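Protein chains: 4
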Amino acid sequence: MTVSFAILGAGRIGQVHARAVSETPGATLASVYDPLDAAAGSVRDAYGCDIRSIDEIAASADIDAVAICTPTDTHADLIEQFARVGKAVFCEKPIDLSVARVKACLDVVEKTGARLMIGFNRRFDPDFRALKHSIDKGNVGKVEMVTITSRDPGPPPMEYVRRSGGIFRDMTIHDFDLARWLLGEEVQTVQAAGSVLVDPAIGAAGDYDSVNVILKTASGRQCTITNSRRASYGYDQRLEVHGSKGTVSVENIHESRITLASAQGYTRPPLLNFFLERYMPAYKAEIAALVEMVETGAEPPTTGRDGLLALALADAAVKSVEEGRVVSVGEILG
Amino acid sequence: MTVSFAILGAGRIGQVHARAVSETPGATLASVYDPLDAAAGSVRDAYGCDIRSIDEIAASADIDAVAICTPTDTHADLIEQFARVGKAVFCEKPIDLSVARVKACLDVVEKTGARLMIGFNRRFDPDFRALKHSIDKGNVGKVEMVTITSRDPGPPPMEYVRRSGGIFRDMTIHDFDLARWLLGEEVQTVQAAGSVLVDPAIGAAGDYDSVNVILKTASGRQCTITNSRRASYGYDQRLEVHGSKGTVSVENIHESRITLASAQGYTRPPLLNFFLERYMPAYKAEIAALVEMVETGAEPPTTGRDGLLALALADAAVKSVEEGRVVSVGEILG
Amino acid sequence: MTVSFAILGAGRIGQVHARAVSETPGATLASVYDPLDAAAGSVRDAYGCDIRSIDEIAASADIDAVAICTPTDTHADLIEQFARVGKAVFCEKPIDLSVARVKACLDVVEKTGARLMIGFNRRFDPDFRALKHSIDKGNVGKVEMVTITSRDPGPPPMEYVRRSGGIFRDMTIHDFDLARWLLGEEVQTVQAAGSVLVDPAIGAAGDYDSVNVILKTASGRQCTITNSRRASYGYDQRLEVHGSKGTVSVENIHESRITLASAQGYTRPPLLNFFLERYMPAYKAEIAALVEMVETGAEPPTTGRDGLLALALADAAVKSVEEGRVVSVGEILG
Amino acid sequence: MTVSFAILGAGRIGQVHARAVSETPGATLASVYDPLDAAAGSVRDAYGCDIRSIDEIAASADIDAVAICTPTDTHADLIEQFARVGKAVFCEKPIDLSVARVKACLDVVEKTGARLMIGFNRRFDPDFRALKHSIDKGNVGKVEMVTITSRDPGPPPMEYVRRSGGIFRDMTIHDFDLARWLLGEEVQTVQAAGSVLVDPAIGAAGDYDSVNVILKTASGRQCTITNSRRASYGYDQRLEVHGSKGTVSVENIHESRITLASAQGYTRPPLLNFFLERYMPAYKAEIAALVEMVETGAEPPTTGRDGLLALALADAAVKSVEEGRVVSVGEILG
């Protein structure tokens, strides 16, 4: 069987998913929607699909799955619309910036029985999966302390910052999801610190550019997350999981595997700089997982609940910085 | 423009090139030939091309380029046949196991003015290209000493060994080509040592499984090549170029980027084990280079002469081991 | 000139300093004191010094400096006694477990004009100094985020745990001092999380064995500290300093520089396991710094105030865990 | 017991051994000899020994062992003189530049029953010993291929080059000894290539500055040695041993363990640059081994025969380059 996709939203991330679908065995890109004709046309021309409206896609019997790549404030509505017509739904994170809206949306999903997969692409990175596999084999024993380092090469445009919901909901949310995935237990409390060290304009917009977070589970497992909006040496993405029997870690991806030894020392190239390049294998594996989900009827590998809980941790982090105290996740979820 | 390919020979390496052609922008796989119907049919089904005979392909106006992936003893005849009908020709190494036959074949190619590219895939490996780029930028100054380490995970089947022309013509030939590429000067003399350390059956077949070679150019630049038919830890492929200002090297590719620290120490996974997996990016870059050659009319990035000279170095290495002396390449080329 | 030392306390750390003194050019070990004759005798026999009582040492004109290696609860009294007789005083951390007592002691030191150096040995580690030197040269630009990872190979005896003042005052105190050294600004607030994951007996004693801390300075620079009382792979000691222009880090010290590649992967040996072995070069450099201080009359490289502030950060961390909130250092220092 | 040493020759290497003796438990430096009063006086002042003539040392009952650090052309005579008076003799390599003279000297040593240890310091390097220990434990299975890389930071003074006996007898001789130690079988044949790439003056003196060697044992085990008189990045000293079950290697020693990540990439410091600094732990372990030999009456860890055979491999390499052929070690040893 071949899973037939429509892409909703032909911006940068939509184009990534269009490419991933087109290169995934068992998947085919049937259609694309974008409010801008030029954007939709560009995907159509590159991958040989057609262009339809959202309602046409919802009504199309030949579409099995939709990938929602539109702006965040449309996600929840689109999830509900396509859940109701029985499509498999892939949606970029976050579902919404409001926990209440997310919960309402997930209620609809649950009632319709639709399968919803959230785009936490990092869980599909081959190296991160190898780390998870090593943990699952018991190599580190009982998981005790997780350390996540994530630094962007540079801050996003201020216009993006303003609409992003803040660094915790936009950037750290990936790390919150990874933390839940790796800790093996739900997070119970959150404490965080936020600073403006990279660009005062980010502070003027009410956001931070440099944050640290400590998460803790009921049994006392902990995770620290370090984020910065700037890293001169590329896109810094590291994981480390410490347990009773050992520690497993993932190193970064450099531009190439060469080392130059000279009077200045031993130099390896900087890291891959762009998130699309860094995570392209993950985006492809993500689509392959979605295809497998549709074909086998399996549960989504990343669920709407995963989307909700990552958002709740972000809200808790915001509250922790604002109030200078440890915040329970229960306070957020109600 | 799109370059239309026919693949001649649908065995393992033919399938690799079929996949590479199908995934290369600007290339399309039009046709496949194989004496075995099942093999040809498998490529046709996987990539949606048709099946034609060799003569049909030679007569087809819709075929721009052929990739010769048939047994070695058919290479020279096929190169000549397709050169005469004006196709761009890609041929797997070696052109032939006889220097005389290769020279005769290249004479035909020259007379027809056909463009012939030889499949020295390693020159297209992204990490090796990064190393070459670093040298070309002058980072190591004047090149002085090249060190090439190449070890297979395990020996090939004995049937393959017997038809291979011996380790120098089958395995080291890649390193001879890399040495010429990296030394920046033609090799003048060859000395080599061969041993049977891995499998006595290889020795019984008149071949070696463990060899070392020293190459020297007119100005005294040197290259050492170390080969073994066995490496417990995967497919070991390393380059190091030492020069007046520094040394640049390429490290191996591990199965993943994780490290497990435990009471036993710090352990990274073994290397990628299979040459197709290890060099798939190189095979794809190779086809892209061929497409560019056809589109732009540029010179082949790896020429018939490259094929001839790598073979001559292999012949010189064989002679050096047999006679216990330094062999001049001129003795081989006549 | 030669600086003549007396060692007070001939236990494990006293023996380390006796060895360091005996191997330091410009230093000589004149005398040792220990309430146990056997302990004092062992140092005398190994290094050829004599044995004197505390009061004799205080009255000895031939002693320039004392190294206080006795139990923590005697430190402050001894510092005061030797400050009053004008000896240079080296004291192992902590000065005392009470901030008030430390302040009183430092008042005496100040009044006497004595020079007091506190044993924060890590500042003298050659690799850590190389990192600090790189920061001071401006290689990372403005310091923004410091990450300190410190894990012991295994928990100390429970008897030690009970007298230690708790993990923050005993183990993290080193990292608090390093954080102050590396941040380049005083810490303003502390938040911390503590868990019992390694040994329930540690929890029963009212202590934690796994902690994370976030420190923040007035300008928003942050430091995270990760501690565990257990690491299967040895004594894990890492620093990373992230700034506006780059990041500098120090890797661990393995038992040797070999790597074994086999079917199981690429394995390096575990880390040096014992703190004395790991930091012996630091202990020696520390004594050399003390000698230089005495000879040149320079300020102590690690002062009593450094001892006070590291303890204050530890107290703030304890309070933060207990009260689930961010604690200001000012609350502790009063 | 304490082993009492006299150092013969107070030049650079003599001072290294004086320091090593003075820091080795169980050893004491009693006396020093040098034809230059200033040189001898400098060792006397630094380590508190006395100055005696060679004959006085030979006649001194209080001297157990001598370390011969005089010019090469005096080594054989001094070995014979001190062997005859029953001293334990440590001699820097080489024993002599003539195989015949070495053999005659070793005959005297054998007749006197004296114990002679040759200064192949690299066998005592802690990392190299860890590699050897790994091989001896069977970690790599049967040894098949050894790879030795040794590059000096820069060429020695031309005056030294002229008296050195040539690169093979001066520099490669260390690698010949390591090769024998690691191969586990005696070398049977040698082939080598020599070039002048670093400094034409070296060529004018009849020597090479860039050489490669292939050694082969009776069973076919091979070793390649790569030497250069120049490495911009420091003193490059690497070993790799490949066997049936795996490969073990030793990495270089950098100036420190820091890495700076910046827009230019990830940079580690250059290597330790000076052989004395690089191998100081080996020099100390060498003296400790000599002390143990004297105390226990054990066989020397590096024998006169080791000195003879390393020299024979060097002579064979010279002959191989001159005659362009594989040279049997038997041709040299007669």
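Residue numbers (my numbering), protein chains in the order written: chain A, 1 to 334; chain B, 1001 to 1334; chain C, 2001 to 2334; chain D, 3001 to 3334.
In this text, a Cβ means the ideal position worked out from N, Cα and C, and glycines have one as well.
None of these values were measured; they are calculated from a predicted model.
query: By DSSP, does residue 2106 (chain C) sit in helix, in strand, or in coil?; result: helix
query: In chain B, which residues lie with their C-beta within 7 angstroms of the C-beta of residue 3222 (chain D)?; result: 1193, 1195, 1210 and 1212
query: Taking the alpha-carbon positions, what's the residue 96 (chain A) to residue 75 (chain A) distance?; result: 7 angstroms
query: Where does residue 2111 (chain C) sit, in a helix, a strand or coil, going by DSSP?; result: helix
query: Rounded to whole angstroms, what's the CA-CA distance from residue 2024 (chain C) to residue 2288 (chain C)? Just pull it up for me.; result: 6 angstroms
query: Considering only the beta carbon of each residue, do residue 330 (chain A) and residue 106 (chain A) sit closer than 9 angstroms?; result: no
query: Check distances from the C-beta atoms of the stretch 234-250 of chain A to those of chain C and list, in chain order, the residues that come in under 9 angstroms.; result: 236, 240, 242, 243, 244, 245, 246 and 247
query: Alpha carbon to alpha carbon, how far is residue 950 (chain B) from residue 1182 (chain B)?; result: Only positions 1001 to 1334 of chain B appear in this structure, which leaves residue 950 (chain B) out of reach.
query: Between the stretch 1260-1271 of chain B and chain A, which residues of the former have a C-beta closer than 8 angstroms to a C-beta of the latter?; result: 1260, 1261, 1262, 1263 and 1269
query: For residue 2232 (chain C), return the contacting residues in chain B, with the cut-off set at a CB-CB distance below 7 angstroms.; result: 1262 and 1263
query: Please list the terminal residues of the continuous beta strand (DSSP E) segment that includes residue 308 (chain A).; result: It is not in any beta strand (DSSP E) - residue 308 (chain A) instead sits in the alpha helix (DSSP H) that spans 304-323.
query: Compare the C-beta of residue 121 (chain A) with all C-beta atoms of chain B and state if any pair is closer than 9 angstroms.; result: no
query: Should residue 65 (chain A) go down as buried or exposed, given a rule of 16 or more other Cβ atoms within 10 Å for buried?; result: buried
query: Compute every distance between the C-beta of residue 275 (chain A) and the non-hydrogen atoms of the ligand SAM, then say whether any falls below 8 angstroms.; result: You won't find the ligand SAM in this model; it holds no ligand whatsoever.
query: Of all the CB atoms in chain D, is at least one closer than 9 angstroms to the CB of residue 2295 (chain C)?; result: no
query: Given a threshold of 16 other Cβ atoms within 10 Å of its Cβ, counted over all protein chains shown, does residue 1037 (chain B) qualify as buried or as exposed?; result: exposed
query: Can you confirm whether residue 2004 (chain C), when its beta carbon is compared against all beta carbons of chain D, has any partner nearer than 9 angstroms?; result: no
query: Counting C-beta neighbours from all protein chains within 10 Å, is the total for residue 185 (chain A) 16 or more, i.e. buried, or is it exposed?; result: exposed
query: Taking 9 angstroms as the CB-CB cut-off, is residue 3126 (chain D) touching chain C?; result: yes
query: Tell me, which residues are paired with residue 271 (chain A) by DSSP?; result: A:254
query: What are the residues in the stretch 2125-2153 of chain C lying within 9 angstroms of chain A by C-beta distance?; result: 2140, 2141, 2142, 2144, 2145, 2147, 2149 and 2151
query: Taking buried to mean at least 16 other C-beta atoms within 10 Å of its own C-beta, is residue 1071 (chain B) buried or exposed?; result: exposed
query: So the candidates are B:1265, B:1053, B:1306 and B:1102; which of them puts its Cα closest to the Cα of residue 1178 (chain B)?; result: B:1306
query: Are the CB atoms of residue 2192 (chain C) and residue 2161 (chain C) within a distance shorter than 9 angstroms?; result: no
query: If we define contact as Cβ-Cβ less than 9 angstroms, is residue 2216 (chain C) a contact residue for chain A?; result: yes
query: Going along chain D, which residues have a C-beta under 7 angstroms from residue 1226 (chain B)?; result: 3145, 3147 and 3224
query: Can at least three beta-carbon pairs, one atom from the stretch 3236-3253 of chain D and one from the stretch 2215-2226 of chain C, be found at a separation below 8 angstroms?; result: no
query: Measure the alpha-carbon distance for residue 2247 (chain C) versus residue 251 (chain A) and round it to whole angstroms.; result: 15 angstroms
query: Does the distance from the CB of residue 3253 (chain D) to the CB of residue 3127 (chain D) come in under 9 angstroms?; result: yes
query: What does the alpha-carbon distance come out to for the pair residue 3151 (chain D) and residue 1028 (chain B)?; result: 50 angstroms
query: Going by alpha carbons, who is nearest to residue 125 (chain A) out of A:294, A:316 and A:282?; result: A:282
query: For a contact meaning CB atoms closer than 8 angstroms, what does residue 22 (chain A) contact in chain B?; result: Near residue 22 (chain A) there are no residues of chain B at all, since even the closest Cβ is about 11 angstroms away, more than 8 angstroms.
query: Can you tell me where the alpha helix (DSSP H) holding residue 2012 (chain C) begins and where it ends?; result: 2012-2022
query: Can residue 20 (chain A) and residue 286 (chain A) be called in contact, C-beta distance under 9 angstroms?; result: yes
query: Can you give me the Cβ contacts of residue 41 (chain A) inside the same chain, cut-off strictly under 8 angstroms, excluding the 5 residues immediately before and after it?; result: 51
query: Whole angstroms is fine: what's the gap from residue 3296 (chain D)'s alpha carbon to residue 216 (chain A)'s?; result: 59 angstroms
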